[in-house]
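Trainee: With our numbering applied, the sequence shown covers 3 to 223. Once you've had a glance at the structure underneath, I'll fire off some questions.
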Amino acid sequence: MCGRFTLRARPADLVEVFELLREPELTPRFNIAPTQPVAIVRQVDKHREISMVRWGLIPFWAEDPKVGYSTINARAETVAKKPTFRQSFAKRRCLIPADGFYEWQRMDGRKQPFFIHMKDDRPFAFAGLWDRWKRGDQAIESCSIIVSNANELVEPIHDRMPVILDQEDYARWLDPKNQDTAALQGLLRPYPAEGMTAFPISTLVNSPRNDQPECIERLSA
């Protein structure tokens, strides 16, 4: 699963990685949590734009927006068929910029948090879905992060991890005209472990109220 992540990258780096037209106005985040606003990248006509939406997908047909509390993640194995995500997978795919995420490992009756990111600490993209829910004057845009089996690095910590897309696949993923379900699902695989690193951190991250650089500090031996 993926229940917390970071986005600390410089706006200029996000422009380069995601081929944006302008630098986004984003504050560095060290502990992004479900139901909070998150940045997503969407294809609009022939360019990409970044928007802020709520984390926890609310399908357009839902009666109650509270369903978003249980849809922060979509399983790669069922995302193309599950009613909650099926139409978004077909027509409303997005990139969710990040530069690290957290998982918790069960150790001696407790949960030890780990910070996981690229060895070069560069920003990357989770495979995401978005939707727009509207009732009367109330409208909510929301998203979900797709998760897969863990790679060799993450597996000892947790059996699932967010899908991190290769940069060369961004265009295919974002293209709303791309309806090749089999090919799209082929992109939803664990990211190669050799490009990533993980280390234990303090339980400061356990509370979403703590959104500060200390969340990603390595525990001393």
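All C-beta atoms in this analysis are idealised placements derived from N, C-alpha and C, irrespective of residue type, glycine included.
Which value, in whole angstroms, describes the spacing of the CA atoms of M198 and D139?
Mentor: Each residue's Cα considered, the two are about 44 angstroms apart.
Trainee: For the segment 62–81 against the segment 134–150, are there 3 or more C-beta pairs whose distance is under 8 angstroms?
Mentor: Enough Cβ pairs lie closer than 8 angstroms, so yes.
Trainee: In this structure, what does DSSP give as the bridge partners for Q214?
Mentor: In DSSP, Q214 forms no bridge with anything.
Trainee: When the Cα atoms are used, what is the spatial distance from F91 to L131?
Mentor: Going by the C-alpha atoms only, they are around 6 angstroms apart.
Trainee: Taking Cβ to Cβ, would you say F201 is nearer than 8 angstroms to F116?
Mentor: In contact: F201 and F116 (Cβ atoms closer than 8 angstroms).
Trainee: Whole angstroms is fine: what's the gap from Q114's alpha carbon to I74's?
Mentor: Computed Cα separation, rounded: 22 angstroms.
Trainee: Distance, Cα to Cα, W106 vs M3?
Mentor: Their backbone Cα atoms lie some 10 angstroms apart in a straight line.
Trainee: Are the CB atoms of V43 and F20 within a distance shorter than 8 angstroms?
Mentor: In contact: F20 and V43 (Cβ atoms closer than 8 angstroms).
Trainee: Assuming the contact rule is C-beta atoms closer than 8 angstroms, V227 and L190 should be a hit. Round their C-beta distance to whole Å, please.
Mentor: The question about residue 227 has no answer here: the residues shown for the chain are numbered 3 through 223.
Trainee: Alpha carbon to alpha carbon, how far is N153 from L186?
Mentor: Taking the straight line joining both Cα atoms gives about 19 angstroms.
Trainee: Could you check how far apart the C-beta atoms of L16 and L22 are, in whole angstroms? I think they sit under 8 angstroms.
Mentor: Indeed, because the Cβ distance is near 6 angstroms, the residues count as touching under 8 angstroms.
Trainee: Where does the unbroken alpha helix (DSSP H) through P85 begin, and where does it stop?
Mentor: Residues 85–93.
Trainee: Based on Cα-Cα distance, which residue from R95, E143, K121 lies nearest to D171?
Mentor: For D171, the nearest C-alpha among the options comes from R95.
Trainee: So P164 is in the beta strand (DSSP E); what residue range does that whole segment cover?
Mentor: Looking at the DSSP string, the run of the beta strand (DSSP E) that includes P164 is 162–164.
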